[in-house]
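Protein chains: 2
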Amino acid sequence: MAKPNAPITEHLAYLLAQANREINRQLELRLSKEGVPVEQWRTLKVLSDGYGHSMGELADAVLLNHPTLTKMIDRMVSDTLVYRVQDPNDRRKVLMFISDRGKVLCKKLNSLAVDQEEHILESYGDKSTSELKRLLESLIDSSN
Amino acid sequence: MAKPNAPITEHLAYLLAQANREINRQLELRLSKEGVPVEQWRTLKVLSDGYGHSMGELADAVLLNHPTLTKMIDRMVSDTLVYRVQDPNDRRKVLMFISDRGKVLCKKLNSLAVDQEEHILESYGDKSTSELKRLLESLIDSSN
DNA sequence: TTGAAAATATTGAATATTCAACAATTGAAG
DNA sequence: CTTCAATTGTTGAATATTCAATATTTTCAA
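Right, dumping it as structure tokens:
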């Protein structure tokens, strides 16, 4: 039943890694126009709802481990893109907020990211794109 | 047409990153039984055809940048899993080979990886899996 | 044939990530 | 109430990755 000698290119884990690497590389390239790494864009985008988000929430949302996030947030605070506020309801928590400067930057980044999505839609097709998104969502669901 | 305010979870780049993170985490967990990172498994698997592969080829295949690969290979050489041979036809190149110890380890890793594929097939389904693989391959193709 | 450009791999310094340990706060059981 | 376990976030040391620069070999045009 199993295929222990299947080439690595047939493993789902590999195909995902390969596709992710390529798409991420393209996105990085666009965002580099503003000198911002992908994870910082994710952070700004999540915070741009204007509400405070705890570090834990944020770590999940931006796909980073806690210590990695803490240090990235340190840099973003230095760049005055975001700021920390201690949660008054639970003083273990830190709530992150986006600054005005962060909002301005986020808008620019969003449009760079949308450019990319449109480029994918063109070269890969409408139908394939939405079908792929659907399957990815369902894979993520089934993995929890 | 574009959706500049779409939540990040609707971006293909994000869904790919999320799915990849989750599947890769699961694979890591299994391979950790043998104390081997995913990239080393990929390397061993590629080299297990018994032929020599240059560093450049290998970097593409295992999805690592050249300097990162060089340093990982240094570790694998220390662990006597692989060895270097200068390419006689083009002395700029280094050909990598798998050792006997590497082959033994690779077999164990393959079966751990196959376990995972089977687990995915069960929870996610045969049909979805092969459709997802097909779409990922085609995305990768269309990105080059 | 020579010399400049391209291809290949490695190195070292700068940066980023991870792991384990820690500190602070909350929750909850006795 | 008090104490002990769980939750949340940060830190420091160890490890890994990246960027720019380098060394070597090959290619190719003049």
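Taken in sequence, the protein lines are chains A and B. When we follow the numbering used here, the leftmost residue of the first sequence carries the number 46, and every step to the right adds one. When we follow the numbering used here, the leftmost residue of the second sequence carries the number 46, and every step to the right adds one. Beta carbons: idealized from backbone N, C-alpha and C, even for Gly. Just so you know, these numbers come straight off a predicted model, no measurement behind them.
Mark residue i as exposed unless 16 or more other C-beta atoms lie within 10 angstroms of its C-beta, in which case mark it buried.
i, result
"B/Glu55", "exposed"
"B/His164", "exposed"
"A/Glu162", "buried"
"A/Tyr96", "exposed"
"A/Leu72", "buried"
"A/Arg87", "buried"
"B/His111", "exposed"
"A/Gln131", "exposed"
"B/Leu74", "exposed"
"A/Val149", "exposed"
"A/Asn155", "buried"
If you reduce the DSSP assignment to three classes, tell me which class residue i lands in.
i, result
"B/Ser175", "helix"
"A/Arg129", "strand"
"A/Leu140", "strand"
"B/Ser93", "coil"
"B/Ser99", "strand"
"A/Val149", "helix"
"B/Ser188", "coil"
"A/Lys78", "helix"
"A/Pro52", "coil"
"B/Asp135", "coil"
"A/Asn69", "helix"
"A/Asn155", "helix"
"A/Asp124", "coil"
"A/Leu108", "coil"
Candidates the options: which alpha carbon is nearest residue i's?
i, options, result
"A/Leu108", "B/Leu166, B/Ala64, B/Leu180", "B/Ala64"
"B/Met124", "B/Leu61, B/Asn134, B/Leu60, B/Arg146", "Residue identity check: residue 124 of chain B is Asp in the sequence provided, not Met. Nearest of B/Leu61, B/Asn134, B/Leu60, B/Arg146 to B/Asp124, Cα basis: B/Arg146."
"B/Ala51", "A/Val81, A/Arg70, A/Lys90, A/Tyr59", "A/Lys90"
"A/Ser187", "B/Met117, B/Leu181, B/Ser168, B/Phe142", "B/Ser168"
"B/Lys178", "A/Glu79, A/Gly101, A/Gln85, A/Leu61", "A/Leu61"
"B/Val83", "B/Asn189, B/Ser99, B/Leu140, B/Leu157", "B/Leu157"
"B/Thr134", "B/Thr115, B/Ile68, B/Ser99", "For clarity, residue 134 of chain B is Asn in the given sequence; the question names Thr instead. With distances taken between Cα atoms, B/Asn134 lies closest to B/Ser99."
"B/Val122", "B/Ala104, B/Phe142, B/Asp105, B/Asp94", "B/Phe142"
"B/Arg129", "B/Val159, B/Thr115, B/Leu140", "B/Leu140"
"A/Ser144", "A/Arg137, A/Leu126, A/Glu176", "A/Leu126"
"A/Arg120", "A/Val81, A/Ser93, A/Gly101", "A/Val81"
"B/Leu166", "B/Ile53, B/Ile68, B/Tyr59", "B/Ile68"
"A/Pro49", "B/Lys152, B/Lys172, B/Ser173, B/Arg137", "B/Lys152"
"A/Leu103", "A/Glu176, A/Glu182, A/Lys138", "A/Lys138"
"A/Ser183", "B/Ser183, B/Gly170, B/Leu181, B/Ile185", "B/Gly170"
Run the proximity test for residue i: is its beta-carbon closer than 6 Å to any non-hydrogen atom belonging to the ligand ATP?
i, result
"B/Leu108", "The ligand content of the structure shown is nil, which means the ligand ATP is not present either."
Item to check | Residues of the region 64-75 of chain A whose Cβ lies closer than 8 Å to any Cβ of chain B, in chain order | outcome: Ala64, Asn65, Arg66, Glu67, Ile68, Asn69, Gln71, Leu72
Checklist entry - Residues in the region 91-124 of chain B with C-beta within 7 Å of chain A's C-beta atoms, listed in sequence order? => result Val91, Leu108
Item to check | Contact set between the region 165-176 of chain A and chain B, restricted to residues whose Cβ is under 7 Å from the partner | outcome: Ile165, Ser168, Tyr169, Ser173, Thr174, Glu176
Checklist entry - Going along the region 144-163 of chain A in order, which residues come within less than 9 Å of chain B, judged by CB to CB distance? => result Lys152, Asn155, Ser156, Ala158, Val159, Asp160, Gln161, Glu162, Glu163
Checklist entry - Quick one, which residues of the region 77-90 of chain A are near chain B if we go by CB-CB under 7 Å, in chain order? => result Arg87, Lys90
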